[in-house]
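Chains as they are written, first to last, in this note's numbering: chain A, 9 to 339; chain B, 9 to 339.
Cβ atoms here follow ideal geometry from the backbone N, Cα and C, with glycine treated the same way.
These numbers come from a predicted model, not from an experiment.
Written below as structure tokens is the structure these notes are about.
Number of protein chains: 2
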Amino acid sequence: MRDIAEAAGVTIATASRSLNGSYGVHRLTRERVQQAAARLNYRPNRLARSLVTGRSQILGLILSDIRNPFFAEVARGAEDTAYAAGCDVVLCNSDLDSERQRHYIDSLMGKNVDGIIMNSVRALDEAEQRRLASSGVPIVLLNSSAKKIPFSTVCADNERGGRLAAEYLIALGHRHLAHLSGPRHHGNLTQRARGFLQAVREASKDATVRVLHGGHSLAGGYVMARKLFRERPGVTAIFAGNDALAFGVLKAARECGLRVPQDVSLVGFDNVEFTTIVDPPLTTIHQAKYEMGEAAVSILLRLAKGKDRNPEDRVLGVELIERESAMKVNR
Amino acid sequence: MRDIAEAAGVTIATASRSLNGSYGVHRLTRERVQQAAARLNYRPNRLARSLVTGRSQILGLILSDIRNPFFAEVARGAEDTAYAAGCDVVLCNSDLDSERQRHYIDSLMGKNVDGIIMNSVRALDEAEQRRLASSGVPIVLLNSSAKKIPFSTVCADNERGGRLAAEYLIALGHRHLAHLSGPRHHGNLTQRARGFLQAVREASKDATVRVLHGGHSLAGGYVMARKLFRERPGVTAIFAGNDALAFGVLKAARECGLRVPQDVSLVGFDNVEFTTIVDPPLTTIHQAKYEMGEAAVSILLRLAKGKDRNPEDRVLGVELIERESAMKVNR
DNA sequence: CTGAAAGCGCTAACAG
DNA sequence: CTGTTAGCGCTTTCAG
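If you want it as structure tokens, here you go:
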């Protein structure tokens, strides 16, 4: 920058003013500076700028695992809107591990990030959560925090999604249900389970539902489904807490010689792209993943502006997508 | 930092030395400083440090689209090794768009990143590529650049993978083949096509292969396959340039009432997780995706160390994974 | 409208 | 072993 100031015959202060929008520079001076900048193909050092302004144009994105297509979609939505706003996003895979989450939070804050998106904060104890919330860095969570700690949140109406699945399966005549729900105390999955169970009870006196816990991805669904099929408890329909789990079920079913949906109906949650190409195409609860990323970033950006710092909760609608993995009960 | 220096009764310089590893601080002094730091829960400002050291502990990752499971896997490998080395990675989705790539390169360099991983640099013209290569920032590409521009590269042996697919299909008796190859001049896909075509020619005089170009993801494969099936050219086997394309083929086949592999055999490339859960499980060429991310970062880190700045080319092996989407030709 | 000067938080010579 | 002093590249008062 010193170079271009010299080349344009001004001081570095005027150069700075010319390059940024700040008013109060003669039009001709500004043009001279800009030309000099272009000629020397000047690239501003954003670190230096951040050091003085206190803002970094960097957002943190702490997710369980980017290999989960759900998160990939959220990440893309987040990145696109960050891009539009001139921000970069740093990607952090936490595996929901508290150690790793702490590391990232520290690291991000040391970089003066303008905000952080986390899919969950449950791995941290309450004191840490409280400290996080009051650190001054805008934070948005991708599940309903439900706690008295004032984080912003963006999430789908998980409970409603669970209800939708239940009502659908009950309407198809199923009475012996199973629900694969991933790890206990996993925010979103827990809410889906709650909605599902409530709706089943409300809809039918004689329905039974067996709830299994395990991993939250394909492998977990596979393991739980194997267990379920081995014990042959006569369930005719399964609601998987997410599509990855449902894919695991599909795999297990094929291996066990069970046909979906003839032998067992299956409903997932998320509506990831692959639901359309598996066989049978998966009936599932749609949630707006890309839009969640968008929403999270836009909240962060608003918060970072500094005006109003009130947390915001945004809940996105869900919708049953009927495909071919569920059918009327046939016994 | 001033605060903890004061609290420990030393100058800020000694504080700095105590907190970093630099030798030459009395053990007791160091301990005092560290305790003070802990007590005031001090968090170093990494931007300030970067400003003076010139290194940022940030890596850039410019990919087409993180929603592609292949890239998600690479990203995870990259992020894990970056994490182990105390680096952050900023995620950039380029869609292979040159404008967006330029933006990210500028932005990353403005942040003094220690290195950049790009899946391809073909969208940039040669002058830009050359400028990039000589910018001083370590760069590694995820395809073989093949150009005289000295980028480091990490990629699978794509040509060999193509050959493997060809030899396999020919051995199964197929003579009327099709290859879905994505966009023209897409580095990796082009190499796979070359290997495939060469091996077909070498293996059989009377084999024909129809090559189609189009998108490089599920939707593209779907469109190409529809076209192919509509024209019914009697092909008995398809080699898709990647698994996403193959999934598109599967979808199109189901819609057209064609059975895989009875009516048409299918081989993919990548071996993403979903190959195991589609029906039929996809026979494909495995490439080490996670390891590519690892390798890319480790090269970057070595280059960033500053010692030897020679570019490095790492090519990872491939392997045919036989599942159920291909069988002996039956006519 | 422009220049001079202070300083963001930290590291790295160079003395002592 | 520790303190003093520059300065990384930029923004931002405060004067003029």
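| Asked | Found |
| --- | --- |
| 8 Å Cβ cutoff met for E81 (chain B) and R75 (chain A) | yes |
| Within chain A, the residues that A56 (chain B) reaches when beta carbons sit closer than 9 Å | L55, L59 |
| Interface flag, S64 (chain A) vs chain B, CB-CB below 8 Å | yes |
| G32 (chain B) versus D251 (chain A): straight-line alpha-carbon distance, rounded | 57 Å |
| Contact between the region 203-213 of chain A and the region 175-182 of chain A (3+ Cβ pairs under 8 Å) | yes |
| Positions along the region 258-275 of chain A whose CB lies within less than 8 Å of some CB in chain B | L258, K259, R262 |
| Where R40 (chain A) falls, given that 16 or more other Cβ within 10 Å makes a residue buried | buried |
| Contacts that T198 (chain B) makes with chain A (C-beta to C-beta distance below 9 Å) | Under the 9 Å cutoff, chain A gives no residues; its nearest Cβ is about 25 Å from T198 (chain B). |
| Inter-residue spacing [alpha-carbon to alpha-carbon] between H184 (chain B) and N338 (chain B) | 12 Å |
| DSSP beta-bridge partners of C100 (chain A) | A:I70 |
| M117 (chain B): contacting residues in chain A (beta-carbon distance under 7 Å) | R51 |
| Residue environment, N28 (chain A), which counts as buried when at least 16 other CB atoms sit within 10 Å | exposed |
| Beta strand (DSSP E) segment containing A164 (chain A), residue limits | 160-164 |
| Three-state class that DSSP yields for E320 (chain B) in the structure shown | coil |
| Element boundaries [alpha helix (DSSP H), containing R218 (chain B)] | Looking at the DSSP string, R218 (chain B) is not in any alpha helix (DSSP H); the run it does join, the beta strand (DSSP E), is 216-220. |
| Classification of R267 (chain A) by the beta-carbon crowding that lies within 10 angstroms, buried from 16 upward | exposed |
| Under 7 Å from the C-beta of P146 (chain A): neighbouring residues of chain B | By Cβ distance, chain B contributes nothing, its closest Cβ being about 17 Å from P146 (chain A), past 7 Å. |
| Chain A within 8 Å of I178 (chain B), Cβ atoms only | no |
| Residue environment, R200 (chain B), which counts as buried when at least 16 other CB atoms sit within 10 Å | buried |
| 6 Å CB neighbourhood of R25 (chain B) in its chain, flanking five on each side removed | V33 |
| Chain A contact residues for P77 (chain B), given Cβ-Cβ distances below 8 Å | R75, P77, A80 |
| Where H184 (chain A) falls: helix, strand or coil (DSSP) | strand |
| Under 8 Å (Cβ pairs) to chain A, residues found in the region 274-303 of chain B | E281, F282, T284, I285, V286, D287 |
| DSSP three-state assignment for S273 (chain B), whether helix, strand or coil | strand |
| Identity of the residue in B:P158, B:H187, B:E281 nearest D321 (chain B) by Cα | B:P158 |
| Counterpart residues of L205 (chain B) in DSSP-defined beta bridges | DSSP output for L205 (chain B) lists no bridge partner at all. |
| 6 Å Cβ shell around I166 (chain B) - same chain, five flanking residues per side excluded | According to the sequence shown, residue 166 (chain B) is Asn rather than Ile. For N166 (chain B), where only same-chain residues beyond five positions count, the Cβ hits under 6 Å are N196, Q199, R200. |
| Spatially closest choice to T216 (chain B) from B:G242, B:R238, B:I329, B:T161, by CA coordinates | B:G242 |
| CB of Q295 (chain B) within 8 Å of CB of G169 (chain B), strictly | yes |
| Partner residues on chain B for E87 (chain A), Cβ-Cβ distance less than 9 Å | I74, L99, C100, N101 |
| Short-range partners of chain B found in the region 204-238 of chain A, where Cβ spacing is below 8 Å | L226 |
| D287 (chain A) versus D287 (chain B) - alpha carbon distance | 6 Å |
| L328 (chain A), DSSP secondary structure in three states | strand |
| L48 (chain B) (DSSP reduced to helix, strand or coil) | coil |
| Per-residue DSSP class, three states only, for G123 (chain B) | strand |
| For N127 (chain B), the nearest candidate out of B:V326, B:A141, B:L253, B:V148 (CA to CA) | B:V148 |
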